[in-house]
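Here is the structure we will look at.
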Amino acid sequence: MNSKNIIPANIDQIVVENGIWENDKLSPIFLSALEINYKGEDKISYQLEFGSWEKLGKVNTLLHKNGIELDGYGWELFIRKFIRERNPTLEKNIKGDSESETCVLWVDNLENYISLLDNITLFINLEL
236 MNSKNIIPAN
246 IDQIVVENGI
256 WENDKLSPIF
266 LSALEINYKG
276 EDKISYQLEF
286 GSWEKLGKVN
296 TLLHKNGIEL
306 DGYGWELFIR
316 KFIRERNPTL
326 EKNIKGDSES
336 ETCVLWVDNL
346 ENYISLLDNI
356 TLFINLEL
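Under the numbering used here, the letters of the sequence shown match residues 236 to 363, in that order.
This is how it looks when you write it as structure tokens:
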């Protein structure tokens with residue numbers, strides 16, 4: 236299974252009709268999309284977030300070895316570095332809203348969302 240099987244083709248329509256779309260099939264990663272106003276523009280924010288570090292042991296070990304704090308900010312920094320090495324254009328389009336307890340990354344473009352999710356799952360070595 237890949238991200239295209241998790242994210243419905245009509246996600247934008249779902250968000251317009253319901254105000255939000257949510258999916259927890261990739262627990263501990265939580266997926267959502269919602270309507271927002273960002274810098275004066277109405278957009279859809281396609282988000283992924285997680286804060287359950289203990290389920291991601293192998294990656295935690297990698298972060299720790301690289302001197303990265305095991306919190307939302309550390310995860311965001313390391314994920315951005317991982318994506319920047321593979322797709323600098325995508326990384327520039329990712330916005331973060333992380334806190335110490337939660338890593339939150341979002342984009343305002345569905346194609347970028349699919350790419351972000353594919354990179355995240357590669358990063359944490361999940362099979363979708």
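Every residue, glycine too, gets a C-beta built ideally from N, C-alpha and C. Note that the structure is a prediction, hence the values are computed from the model and not measured.
Start and end residues, beta strand (DSSP E) containing residue i
i           : result
residue 259 : 255-261
residue 276 : 276-285
Under the three-state DSSP convention, the category residue i falls into
i           : result
residue 336 : coil
residue 326 : helix
residue 245 : coil
residue 270 : strand
Classification of residue i by the beta-carbon crowding that lies within 10 angstroms, buried from 16 upward
i           : result
residue 276 : exposed
residue 280 : buried
residue 346 : exposed
residue 268 : buried
residue 273 : exposed
residue 255 : exposed
residue 271 : exposed
For residue i, the first and last residue of its enclosing alpha helix (DSSP H)
i           : result
residue 346 : 345-359
residue 297 : 292-300
residue 312 : 307-321
CB contact check: residue i to chain E, cutoff 8 angstroms
i           : result
residue 272 : Absent from the structure is chain E; it holds one protein chain and no more.
C-beta contact flag for residue i and residue j at 8 angstroms
i           : j           : result
residue 241 : residue 261 : yes
residue 332 : residue 238 : no
Contact the region 339-352 vs the region 289-301: 3+ CB pairs below 8 angstroms: no
contact_flag[the region 322-337, the region 296-311] where n(CB pairs < 8 angstroms) is 3 or more: Yes: at least three Cβ pairs fall under 8 angstroms.
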